[in-house]
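Trainee: Just passing along the structure, written as structure tokens.
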Amino acid sequence: MPEIQRVAGQNGDRVEERREHRSHRRPVARQAARSHRHARKQRDSLPWIIGAVAVVVVLVLAIGLDLLLSSGRIHPRVSIAGVDVGSMSAGGATATLDKELGARIAKPVKVVYGDSSWDVTAKQIGLSFDDADQTRRAMEVGRAGGFLSAVGARIDAIFTGVDLAPTPVVDEEKLNETLDVIAESTDVPAKNASVVIEGTTPQVVEGKDGHMMRRDVIRSRLLAAFWSTGNRVVKAPVVVDRMHVDAAEAGRAAKVAEGMLDSAVTITFDEKSWKFPPADIAKWIDIAPSQEDSKTPSAESTLTVVVSPELAEEPILKKLGSDVGRPAKNARFKTAHGSVTIIPSEEGIGPDIASLSDNMTRELKKGGGEHSVALRTTRVQPKITTEKARGMGVTQRISTFSTTYEPSNRPRVNNIHLLGNALDGTLIKPGGTFSFNGAAGQRTAAKGYQEANAIVKGRLVPQLGGGVCQVGTTVFNAVFLSGLPVVERHNHSFYISHYPDGRDATVSWGGPDLKFKNETDHWVLVSVSYTSSSITVSLYGTDPGYDVTAEKGKWTNIREAGTEEIKDPKLEKGSKVVEEQGVSGRSIVVKRIVEKDGKVVRTDSFFSNYRPKAQIVRVGTKKVEQPETDTTTSTTTP
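Final position of the sequence shown in this note's numbering is 641; the numbers increase by one with none missing.
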């Protein structure tokens, strides 16, 4: 409804129209006022906007100019270790850094600790600089990251400069060797308090704190000193190395050990029993930081007192003998006529030393009176199972060689057979080295070896184990034909005609040895067989496919054998007996060419120099007694 009623006539219409017009006048006025104020604000802020735009324009122009001037070059006011490389090309920066930093590291850095000092050179630690990385990082200033990041970096460079650390390259092995030398003076490791058992009496050994050099700290300080233009002296940083077991803890453990040694212990199995006195038990007790404490070596440690299975096993098993269980049997290789088969392994049953040690520890800690612990048995797995043997790659014969001997020399034959038994079945792992002395062991009378002639200092004399060189020569020739690398070999002191020329080998306990390396990817088996007059050595494994050729050189350096006479009072004067034939001295080179697939794998030269062996002649010195004759004279009396 209109606020005023329309009235008749034109006057009413005018009145209504006039009222309506006045009702719209106020809003229009307010809008005009607002427009006026807005315009005034725009006029007031215009200088600021123009200024900001001007700054942006100037900044953009400056950045554009900077980009133009720095194109292909490092941004101005960028340096590395104080060496200004701003506005330089990559090549120029590298040359400048090589000269400046090279001159700095040419001077040694002194490391001091107390009264000791060490001059460390860049060469000693293999120090140099990564020119490419240093230059790349310098080039990235003002270019890396987004636009705002790059602009910020350029502004920082313009107003404050940017100094980058160099990129050192160090031979860590050489650096550690240098630090090891310094540590010999700086490091004194902490010594924990401990317990030792003398006889059956535990005694506490006092501990002491130590000190150790901080290797991480001295490393960074040492490198920083090399590119420094100022102080080139570095103090070795040392910190206290605290002991983790004190005297109180050691005393507690000693009390426990003392209680465990108050009486004997008896081990029982079925109807059998074995008694061990405290003197034996004392050798089995192990006192050491607990396993949990060893995981956090910086923490205080507690000592555990236990019967150690490792310490107890050998003496207990020795006393028990074969009365408990049965030993496990390894899988074995049986060879015959160049073929090889596997004799399966057998699981054994033996004393459970681990559980016995645990039970014994608990029983002994109870204290008071005699102790008894029941022995349990456990399954014992062989070291070489059938499955493991199948995976060792011992499938075929690689090489074989035989030598002969006189069956009438029984002591020598005995020794050869014993050596053959000792070597037979020896396995050499991939990459492993065979040692004749290591495999055969010392030749002793206790093992059954007898005296037989052997070469000692160029003479044939009776010696325990005589005949060993016959076996050594047989092994060497089997290795020679296999193509495997020979690590060590020595020829006899004089030439022996019944061995291949230049292919003999002498060995003796504590002296010359025979060694070869298994360079294949599979195990190698040494197989030995013998008769009353011959011995054969074969190598089995996975054939490496070598073709072996031997080239024997000519005899050189021939030296005639002299004669050595030995006076023998048992022989009549004037008689002579040749005891040993002489052998002339000589030298020879035997080459071994090893090929595979038509290509030479290796060429070996085996040089043998044989000394002359004098002929030994026994000369009689015994006087020859003349036979008595009857010289009776008769006189005739006229």
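The beta-carbon is built from N, C-alpha and C at its ideal position, and this holds for glycine as well.
(1) Here's a check: name, in chain order, each residue in its chain whose Cβ is nearer than 7 Å to the Cβ of I346, leaving out the five neighbours to either side.
(2) Within the 9 Å Cβ cut-off, does K555 reach chain B?
(3) Classify A168: buried if its beta carbon has 16 or more other beta carbons within 10 angstroms, exposed otherwise.
(4) From the DSSP output, in three-state form, read off T246 for me.
(5) Leaving aside the five residues before and after K238 along the sequence, list all residues of the same chain whose C-beta is less than 6 Å from its C-beta, in chain order.
(6) In chain order, what are the residue ranges of uninterrupted beta strand (DSSP E) at least 3 long that sit wholly in the stretch 491 to 521?
(7) Based on the DSSP output, what are the partners of W121 in its beta bridges?
(8) Please report the distance separating the alpha-carbon of I288 from that of K391.
(9) I'd like the list of long-range same chain contacts for E563, defined as Cβ closer than 6 Å, with 5 residues on each side in sequence excluded.
(10) Excluding five sequence neighbours on each side, which residues of the same chain lie with their C-beta closer than 7 Å to the C-beta of T138?
(11) What does the Cβ neighbour count give for S119, buried or exposed, with the cut at 16 atoms within 10 Å?
(12) Give the secondary structure of I538 by DSSP, where H, G and I count as helix, E and B as strand, and everything else as coil.
(13) Count the other C-beta atoms from every protein chain shown that fall within 10 angstroms of the C-beta of T271, then say buried if there are 16 or more, exposed otherwise.
(14) Enumerate in chain order the residues of its own chain whose CB-to-CB distance from Q206 is below 6 Å, with the five nearest sequence positions on each side excluded.
(15) Where does G210 fall in DSSP's three states?
(16) R80 by DSSP, collapsed to three states: which one?
(17) What would DSSP say about E567, mapped onto helix, strand or coil?
(18) Using three-state DSSP, classify H340 as helix, strand or coil.
(19) What does the Cβ neighbour count give for R413, buried or exposed, with the cut at 16 atoms within 10 Å?
(20) Check K386 in the structure and name its three-state DSSP category.
(21) Within its chain, find whatever has a CB closer than 6 Å to the CB of D2; leave out the 5 residues flanking it on each side and keep chain order.
(22) Count the other CB atoms within 10 Å of the CB of R506; is the residue buried (16 or more) or exposed (fewer)?
(23) Return yes when the Cβ of L378 is within less than 9 Å of the Cβ of L323, no when it is not.
(24) Does the Cβ of N480 have 16 or more other Cβ atoms within 10 Å, making it buried, or fewer, making it exposed?
(25) Specify whether the stretch 257 to 277 and the stretch 221 to 228 touch according to this definition: at least 3 beta carbon pairs, one from each stretch, less than 8 Å apart.
(26) With respect to the beta strand (DSSP E) encompassing L3, which residues constitute its N-terminal and C-terminal limits?
(27) For a test of the three-state rule: what should DSSP assign to T364, helix, strand or coil?
(28) Take I252 as the anchor and find which of K286, N234, T307 has the nearest alpha-carbon.
(29) From which residue to which residue does the beta strand (DSSP E) around G660 run?
(30) Which residues does DSSP list as the beta-bridge partners of S411?
(31) Relative to the alpha-carbon of G262, which residue among D219, T204, K599, D244 has its alpha-carbon at the smallest distance?
(32) Measure the CB-CB distance between V165 and S82 and report whether it falls below 9 Å.
(33) Hey, how far is the Cα of H340 from the Cα of Q294?
(34) What residues match up with D87 in a beta bridge as DSSP calls it?
(35) Below 8 Å on the Cβ atoms is my contact criterion, and I expect R107 with T232 to pass it. Report the Cβ-Cβ distance as a whole number of Å.
(36) Specify, as a first and last residue, the run of the beta strand (DSSP E) that D550 falls within.
Mentor: The structure says:
(1) A334, R335, K337
(2) Protein chain content of the structure displayed is limited to a single chain, and chain B is not contained in it.
(3) exposed
(4) In the sequence under discussion, the amino acid at residue 246 is Met, which differs from the Thr named in the question. Three-state result, M246: coil.
(5) V115
(6) 518 to 520
(7) V114
(8) 35 Å
(9) S587
(10) A93, A96, T97
(11) exposed
(12) strand
(13) exposed
(14) V199
(15) coil
(16) coil
(17) strand
(18) coil
(19) exposed
(20) coil
(21) As shown, the chain starts at 4 and ends at 641. That puts residue 2 outside it, with no answer to give.
(22) buried
(23) yes
(24) buried
(25) no
(26) Summary: the structure shown does not reach residue 3, with the chain confined to residues 4 through 641, and so no result is reported for it.
(27) helix
(28) Reading the sequence as shown, one finds Glu at residue 252 and not Ile. The candidate whose alpha carbon is nearest that of E252 is T307.
(29) Beyond the ends of the chain as shown, which are 4 and 641, falls residue 660; an answer cannot be given.
(30) The partner list for S411 (beta bridge, DSSP) is empty, contrary to what the question assumes.
(31) T204
(32) yes
(33) 54 Å
(34) S82
(35) 7 Å
(36) 550 to 555
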